[in-house]
Amino acid sequence: MFIPTRAAGLDALDEFVPRAGRDYARDRNADLGASRTNVSGLSPYVRHRLVTEHEVVAAVLDRHSLSAAEKFVQEVFWRTYWKGWLEQNPEVWRRYRRDVDGFATGTLPTGYDDAVHGRTGIDAMDAWARELIDTGYLHNHTRMWFASIWVFTLGMPWQLGADFFHRHLLDGDAASNTLSWRWVAGLQTAGKTYLASASNIARYTDGRFSPTGLATTARALVEEPLPPRTPIASDDVVGTIGERIGLLLHEEDLEASSLLAEHPQLTAPVATAVAADPGARSPFAVSDLVAAFTATAVDDAAERTLDTGGRSAQVLADTLPSTVLRWAESEQLDTVVVPYAPVGPVHERLGALRAALAAEGVGLVTVRRRWDSAAWPSASRGFFPFRERIPALVRQLVVG
Ligand SMILES: Cc1cc2nc3c(=O)[nH]c(=O)nc-3n(C[C@H](O)[C@H](O)[C@H](O)COP(=O)(O)OP(=O)(O)OC[C@H]3O[C@@H](n4cnc5c(N)ncnc54)[C@H](O)[C@@H]3O)c2cc1C
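The sequence shown begins at 1 in full-length UniProt numbering and counts up one residue at a time.
Right, dumping it as structure tokens:
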């Protein structure tokens, strides 16, 4: 269903654009089965930045007015919002990681094994678990129902449900996934939960599912208060740029040309490389589909990412600091430039890499896209104040 190349992502965008206006606003909530055309199916591409948010919104606004495509543009900005919010509240990610690690080394709750193998006896849940495993994708509304039934009907920890999604979704993303699960559970908007009902499921699946025995109440989960938020750093480029620059792409951003075009001082890497580790999403096994999608996306990025000598990028065998260091030494680099990695597994990895490179006198420079720099600071509160900023952000970033 999802071919992991930038060309396939751009084709999918092209194909979807005519439907991104009022059709999307009217039909997007229905999940009528796997051959859906009412949503874009772009998330695996956007998640890896095989296609960027900027390209998606620009293509849509080339065809529709902002008022006609408002709903679709807002959905793209939901991703931006979640990433900006988690960036300012990294403790949420740290706690999630700690909790999932705790289950991985401790005891799993009763019912977990059945739930992740599609054996709960709730026909809809079982079909959705299998769809997720078989395709690496679920419709947004279905993700909401699934998470709600997981937490409130099956009474299982939200962290394990989020982990199950993160391991199987081709678009699995630290921010969008973790914070959406928290939103359903009543942690993200404190006290406000999402309760799935059989009638809503029947309506939006056109009667394909009408599960019985679902919870009829949803008491919000509670948590220790979070520490004060961390403001977004103001600099787009962090680190000292030396004489011999190598560019290292990773699975958070596989589109070098538009990233470097925003930063002319970085446009001449003498060497390029790509390294990814989807297994770092979880202490449990990440699906074969996710691993294969990432591996092919990495190969695709390597072919497209040339250095100043016209060589395509080297695909590194793994993401270990020692492997990156060997590449940097063989190319005699004094600087390794990476796309900024927002809070999540790649961010964790780059922390260790920075220290290892520094010990050998090689600097690590992170480069953030204008899109993220402009929008993230507004993601400090709820989505509704953020949403008010979208027209101005679109003027600044896309049509300005
Ligand atoms: C419990 C739960 C977990 C989720 N986990 C993820 C995840 O790991 N990764 C992920 O990208 N999205 C996640 N989402 C958001 C959303 O479900 C998917 O982005 C969307 O279903 C992808 O399908 P699409 O590309 O056809 O979306 P469209 O409706 O065509 O939307 C266009 C683009 O906007 C973005 N988008 C749309 N809705 C959302 C949203 N609610 N939050 C964030 N971005 C959005 C995506 O990049 C998407 O490709 C989750 C939602 C829930 C309720």
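Built from N, CA and C at the ideal position, the CB exists for glycine as well.
- Membership of V290 in any beta strand (DSSP E) is not indicated; the residue belongs instead to the alpha helix (DSSP H) covering D288 to R304.
- The alpha-carbon separation between D206 and N38 amounts to approximately 14 Å.
- Burial of Q188 is indicated by the presence of at least 16 other C-beta atoms within 10 angstroms of its C-beta.
- The DSSP-derived three-state label of I201 is helix.
- In the structure shown, L364 falls within a strand segment according to DSSP collapsed to helix, strand and coil.
- R47 has its CB nearer than 7 Å to a heavy atom of ligand 1.
- Under the three-state reduction of DSSP, P339 is assigned to strand.
- Between the C-alpha atoms of R354 and S199 there is a straight-line separation of about 52 Å.
- Fewer than three beta-carbon pairs drawn from the stretch 272-285 and the stretch 360-369 are found closer than 8 Å, and the two stretches are therefore not classed as touching.
- The three-state reading of DSSP puts Q88 in helix, counting H, G and I together.
- Per DSSP, the unbroken beta strand (DSSP E) holding G246 starts and ends at I245 to L249.
- Here L248 really is in contact with V336; their C-beta atoms are around 5 Å apart, less than 8 Å.
- Looking from the CA of V76, the closest CA among A375, R381 and I149 belongs to A375.
- With a cutoff of 7 Å, V184 counts as near ligand 1, since its C-beta is closer than that to a heavy atom of the ligand.
- Beta-bridge annotation (DSSP): Q159 is not paired with any residue.
- Within a 10 Å sphere around the beta-carbon of E55 sit 16 or more other beta-carbons, which makes this residue buried.
- With a cut-off of 7 Å, the C-beta of E75 is classified as near ligand 1, since at least one heavy atom of the ligand falls inside that distance.
- Taken in chain order, the complete beta strand (DSSP E) segments of 3 residues or longer contained in the stretch 213-249 are 245-249.
- Going by DSSP, T178 is part of the alpha helix (DSSP H) stretching over A174 to A185.
- For ligand 1, a non-hydrogen atom lies closer than 7 Å to the CB of D171.
- Comparing C-alpha distances from P269 to each of I241, S373, R229 and R130 shows the shortest one belongs to I241.
- Note that the C-beta distance between T193 and A220 is below 8 Å.
- At a Cβ-Cβ threshold of 8 Å, N177 and L169 count as neighbours.
- DSSP, reduced to helix, strand and coil, places Q314 within a strand of the structure shown.
- Taking D126 as reference, the option from T107, L108, A147 and P109 with the minimal CA-CA separation is A147.
- A196: not part of any beta strand (DSSP E); DSSP gives it neither H nor E.
- Here A115 carries a helix assignment [DSSP, helix/strand/coil].
- According to the DSSP assignment, V51 belongs to no alpha helix (DSSP H), since it is labelled neither H nor E.
- Going by DSSP, V346 is part of no beta strand (DSSP E) but of the alpha helix (DSSP H) stretching over P345 to A359.
- Rounded to the nearest angstrom, the gap between the Cα atoms of R63 and E15 is 12 Å.
- For L254 and R244, the gap between their C-alpha atoms comes out near 21 Å.
- If you ignore the 5 residues before and after H48, its C-beta comes within less than 7 Å of the C-beta of E251, L254 and A297, all in its own chain and listed in chain order.
- Secondary-structure assignment with DSSP links T272 through a beta bridge to L247.
- Around A25, the same chain offers K71 as residues with beta carbons nearer than 6 Å, after the five sequence neighbours per side are excluded.
- Bounds of the alpha helix (DSSP H) holding V394 are I390 to V394.
- Taking 8 Å as the cut-off, the beta carbon of F2 is found no closer than this to the beta carbon of F386.
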